[in-house]
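Quick notes on the structure that follows.
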Amino acid sequence: MAKKLGEILVEKGLVTQKQILTALKKQREEGGRLGSILVGLGYISDSDLIGVLSEQFGVPAVDLDNIEVDEKVLKLIPQHIAERLNVFPLKREGKILHLAMANPADIYTVEDIKFATGFEILPHVASERMIRKAIEKYYGVGGAIAEVLSEMEEEIEVLEEKEEEENVITDTEAAPVVKLVDSIIAEAVKRNASDIHIEPYKKVLRVRFRIDGVLHEAMSPQYIFGPAIVSRIKLMAKLDIANRRLPQDGHINMRVGQEEVDLRVSTLPTTHGEKVVIRIAKKSGLGIALESLGLTGKAYEDFVNALAKPNGIILVTGPTGSGKTVTLYSALKRLNQPGVNIMTAEDPVEYDLMGINQVNVRDEIGLTFSTVLRSFLRQDPDIIMVGEIRDRETAEIAIRAALTGHLVLSTLHTNDTASSITRLVDMGIPSYLLASSIILVEAQRLVRRICEHCKKPYKPSEDELLFFGLSPDHNMTFYKGEGCLDCGNTGYKGRTGVFEVLPITPTIRRMIVEGRTSDEIMEQARKEGMKTLREDGLEKVKQGITSVDEVIRVTVQ
247 MAKKLGEILV
257 EKGLVTQKQI
267 LTALKKQREE
277 GGRLGSILVG
287 LGYISDSDLI
297 GVLSEQFGVP
307 AVDLDNIEVD
317 EKVLKLIPQH
327 IAERLNVFPL
337 KREGKILHLA
347 MANPADIYTV
357 EDIKFATGFE
367 ILPHVASERM
377 IRKAIEKYYG
387 VGGAIAEVLS
397 EMEEEIEVLE
407 EKEEEENVIT
417 DTEAAPVVKL
427 VDSIIAEAVK
437 RNASDIHIEP
447 YKKVLRVRFR
457 IDGVLHEAMS
467 PQYIFGPAIV
477 SRIKLMAKLD
487 IANRRLPQDG
497 HINMRVGQEE
507 VDLRVSTLPT
517 THGEKVVIRI
527 AKKSGLGIAL
537 ESLGLTGKAY
547 EDFVNALAKP
557 NGIILVTGPT
567 GSGKTVTLYS
577 ALKRLNQPGV
587 NIMTAEDPVE
597 YDLMGINQVN
607 VRDEIGLTFS
617 TVLRSFLRQD
627 PDIIMVGEIR
637 DRETAEIAIR
647 AALTGHLVLS
657 TLHTNDTASS
667 ITRLVDMGIP
677 SYLLASSIIL
687 VEAQRLVRRI
697 CEHCKKPYKP
707 SEDELLFFGL
717 SPDHNMTFYK
727 GEGCLDCGNT
737 GYKGRTGVFE
747 VLPITPTIRR
757 MIVEGRTSDE
767 IMEQARKEGM
777 KTLREDGLEK
787 VKQGITSVDE
797 VIRVTVQ
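Just so we're on the same page, the numbering used here is the position in the sequence shown counted from 1, plus 246.
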């Protein structure tokens, strides 16, 4: 190799000398390969990198994102070796094994693989990200069950586990499944997933993680493990393992490393077996300050002013998965002072809050939201949080509480702020009671943040300009994430909220009493300075926080 990687990239005009110096500085500080660092910083793409590496090393390049690999070839190199040496087997031709490597010049790795497999090695070059993603996709956690826990750094402990389970997990046939389930959960926690989906299909078992609101295929354990995986999870959640024909819901409290997590388990019988969905709630995710949620400007001021009022109803609205619970807990954290009595009715209680009296609603024994609310009013509360207003009875008691000097926080499933009023009217609540009790309605969605490591400006399309109402000679800068190691090549990392906050002003209150439509209320609110969900989202696009595609995905016009 006569030339170094950086020199070739500069000669080809793919990077500048300044960008190389920046990457070298980062390499000295943090370690790692120069090519991966350049991709991570967003200076070059994976395809640029492997093209240049192929030229530099004189070996073929391989795009691991677009290949199919025979299962027999995968068995030639165990998963823990592939992960440790950062290699991936491609195909076998006689006594030759084609091998993807990030550094084909590493003769020690070539010799290690040659010794382990007995084959002659023909190196191909691929990026580190591609190799890691291919290992994850083709091996999955089920590809090397015996090695999984020995390679994991996390210590996993199930808290308050069912006693009878000991007889099951000590059985030699069940031990690999125990390790497999623990590994799936640990990997999901490590990747900050909010949900795990374990889905059986015809001869296929798929595991997907919901990360930043979007489902990603994580692994495909062997299909034969499906029933055993479901049984193991049921035991952990204290469910009936013999009942496979009816849906069940349960709860697991676990510790993964230093992280304590609550897992809400739901099983559902499908045509090919039971599907399991596990909702992950991290204890550490609780302490989010209200100002960190994405509320800004007038919306933030209106929300904080409503929280400071001694009585009235504050409604937080949005679909499932829009972050309503986090917003409510952040509000309670702000309100939680020694001088006030705060009581919550939740289904279920997701986080244990010191200084707040929390009650788990259980409809099956008659402990409904309305029953709990009635009891609350005899417990001298100052602030009440109701997990959800589902029916007229709950709404009426919440209104009564607000009118008798209590601050009430609750949620509704509606698309925007104004339609929350009409939803309550449809439940049979008189408009004059709504007007006198509700002090603020907030609607929200979650959008993915553009990854800071690979964020780059780009030229928007005509459709995007039309969406913004901009002319071609605009001076606004658009950003997108190109994909890097840090964000799993998605271009996004983390989420923030977009908000629509409707304070009930005297004019809006009068319109509610008059029975005006939600469109009329929305029009008046915008005249008074309220930003709609989409307008708030577009403001975050202008700030380079999220993308146009994300705003379109989560909002309605």
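Quick reminder that beta carbons are idealized off the backbone N, C-alpha and C, glycines included.
The residue from E520, I442, I560 and M347 with its alpha-carbon nearest to that of A644 is I560.
Counting along the chain, the unbroken beta strand (DSSP E) around I524 starts and ends at G519 to K528. Of the candidates D441, T517, L485 and G472, the residue whose Cα lies closest to the Cα of V507 is D441. For K786, the uninterrupted alpha helix (DSSP H) run begins and ends at L779 to K788, by DSSP.
Here Q265 carries a helix assignment [DSSP, helix/strand/coil]. Around the Cβ of L492, a 10 Å sphere holds fewer than 16 other Cβ atoms; the residue is exposed. DSSP places Q583 outside both helix and strand once states are collapsed to three, so it counts as coil.
The three-state secondary structure of E688, taken from DSSP, is strand. Rounded to the nearest angstrom, the Cβ distance from I630 to A647 is 6 Å, consistent with a contact under 8 Å. The continuous stretches of beta strand (DSSP E) do not include L670, which lies in the alpha helix (DSSP H) extending over residues T663 to D672. For the beta strand (DSSP E) assignment, the segment 278–312 encloses no uninterrupted run of at least 3 residues. Counting the other Cβ atoms within 10 Å of the Cβ of I767 gives 16 or more, which makes it buried. Judged by their CB atoms, L451 and I431 are not nearer to each other than the 9 Å cut-off. Here the alpha carbon of L619 sits roughly 35 Å from the alpha carbon of R780. About 17 Å separates the beta carbons of L649 and I667, which is beyond the 8 Å limit, so they are not a contact pair.
Boundaries of the beta strand (DSSP E) around S656: L653 to L658. The DSSP assignment places 701–704, 724–727 and 738–749 as complete runs of the beta strand (DSSP E) inside the segment 689–759, in order along the chain (cut-off: 3 residues).
Non-local C-beta neighbours of Q494 in its own chain, meaning closer than 6 Å and more than five positions away in sequence, comprise L485 and T513, ordered along the chain. When rounded, the separation of the alpha-carbon atoms in P324 and E357 is 16 Å.
In this structure, the alpha-carbon of T663 lies about 29 Å from that of N603. Rounded to whole angstroms, the separation of the alpha carbons of N582 and L599 is 9 Å. Only exposed fits E774, as fewer than 16 other CB atoms lie within 10 angstroms of its CB.
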